[in-house]
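The structure under discussion appears below in the form of structure tokens.
Chains as they are written, first to last, in this note's numbering: chain F, 114 to 491; chain Z, 114 to 491.
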């Protein structure tokens, strides 16, 4: 993978870069909306482009179950299936499988689980997860890792880390022994585990780098730990990760969390927050979140955000969007999603510009000061 | 209202015309998608324009309850509220009220009913329905009428017709004594009732024309009667309705029903079929309907309709749209809605062109021959 590190902020570890895939260039730091079932919920590929999305995430677990590999291969991969022409990153399915209560068994060979749709049994190995992602045809594949509960004691974290490394080795070997199916290149990221233990995290990085991947993800965070711990672990990882490869903090997060991680040298993010919050009627603005469903907005003729150029803000008022939520019209979900994605994409674009100008710290301070002006909606 | 009758087909009663409103010209015959709560379900105003929609319908009963008159007036009417810049026609709320089981009482003065949302009591009079539509700010207002069950005996139909005429007189008087609130013109249509009794229908037309409206609707059909009866009643009405005014057959219908009515001189239609069927996973094509949810389409890499230029057909396959329905993604509802609306708008556009070319009968025969090729999906 060609990752070009363009610039590192003068006073923080924040980085601006360019990640080249055969479906286009991604300017980092970047946020990746989550398209679980092949689509980012409620919006079309055109709307994703319009709000500035550059790369989306697909969930291997979900796509494997529906539409299934036969369909994905028949259609020539996920890009051809869902109409998104830009880059796609797929997770390994590991996190979804571990989220299934009592429906999984972890062995050295892999993980057995039952479908949340119909209870059918399935077995994921590191190799199979590579094969599945070959069929999905994502630009960036993630290795199968073992996620652990938070908190986990040292010994559990160590064991999961060791298994994750063994699986990473198998994953890489299988990746190097197989080829893309659809004529464009695919890249593979390793996943750093180790819980909240700095020595395990450092060991994980060092051994993954020895195996060698095109990029490195930090896994096992954004699972309920406090922000200080997350920031500390992020720092531990980015201090030892190679400068030359992209770094992806999985499952993060709120705007403030993303800024914390960018400051620590992370390049890539994914999270359901902008899209899920939108569908729950919460929208982001530079002065904080608004619960657009609230009666407060009944007569409000302003857009969600006065200076926002997104389709929702250019054409609809808070009062109308509130009405849409109140009467369960899906257009409301969609307008809120469009706005939130625009907000997130602008956040990372502004962060990138600030890095290029050596002003990331000032940007972050100014953003948060304004952002915390508003009343927290919960 | 300026209604310009451009041309009448040489061998049928089919008409092509132009209906001028302050929100734009509508070319007839026209189909009006239903935007019950202020929005045509799942699609944006931009998407309506893109598929060729010229005028939408709003439901007075629903808008009166939510968002309510206070909100609508505060926002300056429905156009400003929902972002649809083209013409809007609103029904009188009568049909919705009569559809409420046991929640209504009809008196000479008007109709009392309870909200389906919260059970609260409301009273609609012919005058109040005009006032509500003044506040909604629709371009075309419908009078309050009394709808009857199908079948209804002669005496019930006669009584409902007589009450409808008395209400029409009050409606028109109140309309002429009040003014638009937002600086553009509004027009009012009377509604022909009379059940399936030709003499009542003729009497209804004659007395409505004496009162005088900008247009005339045919009500009380599309309520379960057989097509032959509907066609007969339509003929009875259009034979005596003035040439110079637009004619609107309420609640119709399937493509074949619309063509039957165009042939009999009807200019305007509304129906939930294209949008509701879309949300149930049924799509229209020139060779019949497809139940896109069906397993048949799992591996189908064709668009819904090969030669269709709509956004759904230009970017998505049957297999993908089926997947969207299968995993309950709202993008599926939306793509099916976009396609079905495009199909309906093309149907009336093609019908209009055929009329202008004096070839309506040939067009209808050719359309139906091809349309019935496909297997009926139900």
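Every residue, glycine too, gets a C-beta built ideally from N, C-alpha and C.
Comparing alpha carbon positions, the residue from 377/Z, 158/Z and 443/Z closest to residue 345/Z is 377/Z. Inclusion of residue 414/F and residue 432/F in the CB contact set at 9 Å is warranted, their separation being smaller than that value. When beta bridges are read from the DSSP output, residue 482/Z appears opposite no residue. Assignment of residue 187/Z by DSSP, reduced to helix, strand and coil, places it in the helix class. Interface flag for residue 340/F against chain Z is unset, since no Cβ pair is found closer than 9 Å. Taking C-beta atoms as the reference points, residue 147/F and residue 153/F count as a pair closer than 9 Å.
The closest CA to that of residue 175/Z, considering only 133/Z, 168/Z and 242/Z, is found on 242/Z. Here residue 253/F is bridged, per DSSP, to 202/F and 300/F. For residue 459/F, the enclosing alpha helix (DSSP H) stretches over residues 443-469. Taking the Cα positions, residue 439/Z is about 37 Å away from residue 262/Z. In the three-state reduction of the DSSP assignment, residue 331/Z falls in the strand class, which pools E and B. Taking CB atoms only, residue 447/F has a neighbour in chain Z less than 9 Å away. Going by beta carbons, residue 171/F and residue 228/F fall outside the 9 Å limit.
Interface flag for residue 482/F against chain Z is unset, since no Cβ pair is found closer than 9 Å. Chain order gives the chain Z residues near residue 151/F as 433, 436, 437, 440 and 442, where near means a beta carbon separation below 9 Å. Annotation: the continuous alpha helix (DSSP H) that includes residue 208/F extends over 207-212.
Taking C-beta separations shorter than 7 Å and ignoring five residues to either side along the sequence, the partners of residue 324/Z in its chain run 281, 282, 285 and 303, following chain order. Within the model, the alpha-carbon separation for residue 463/F versus residue 326/Z is close to 58 Å.
Annotated as distal: residue 209/Z and residue 254/Z, with beta-carbon spacing of 9 Å or more.
Residues 330, 331, 334, 335, 347, 374, 379, 381 and 382 of the same chain have their beta carbon placed closer than 8 Å to that of residue 362/F, with the five preceding and five following residues left out of the count. Our two residues, residue 115/F and residue 133/F, have alpha carbons roughly 5 Å apart in a direct line. Annotation: the continuous alpha helix (DSSP H) that includes residue 278/F extends over 267-290.
Interface annotation, residue 158/F: in contact with chain Z, CB-CB separation under 9 Å. Residue pairing for residue 219/Z: DSSP places it in a beta bridge opposite 224/Z. Under DSSP, residue 397/Z shares a beta bridge with 402/Z. Residue 396/Z places its beta carbon 9 Å or farther from that of residue 443/F. Close to residue 410/F, with beta-carbon spacing below 7 Å, lies no residue of chain Z; the smallest spacing is near 11 Å. Annotation: the continuous beta strand (DSSP E) that includes residue 120/Z extends over 115-121. Residue 259/Z sits buried, since 16 or more C-beta atoms from the chains shown fall within 10 Å of its C-beta. In the three-state reduction of the DSSP assignment, residue 363/Z falls in the coil class, being assigned neither a helical nor a strand state.
Residues of the segment 191-212 of chain F with a Cβ closer than 9 Å to any Cβ of chain Z, in chain order: 193, 194, 195 and 196. For residue 341/F, there is no enclosing beta strand (DSSP E); the residue is part of the alpha helix (DSSP H) that begins and ends at 340-353. Membership of residue 141/Z in the beta strand (DSSP E) is indicated by the continuous run 137-141. Distance between residue 173/Z and residue 406/Z, taken at the CA atoms: about 33 Å. Residue-level contact check: residue 136/F does not touch chain Z, since none of the beta carbons of chain Z fall below 9 Å from its beta carbon. Scanning chain Z for C-beta atoms nearer than 8 Å to the C-beta of residue 184/F yields 411, 412, 432 and 436, reported in chain order.
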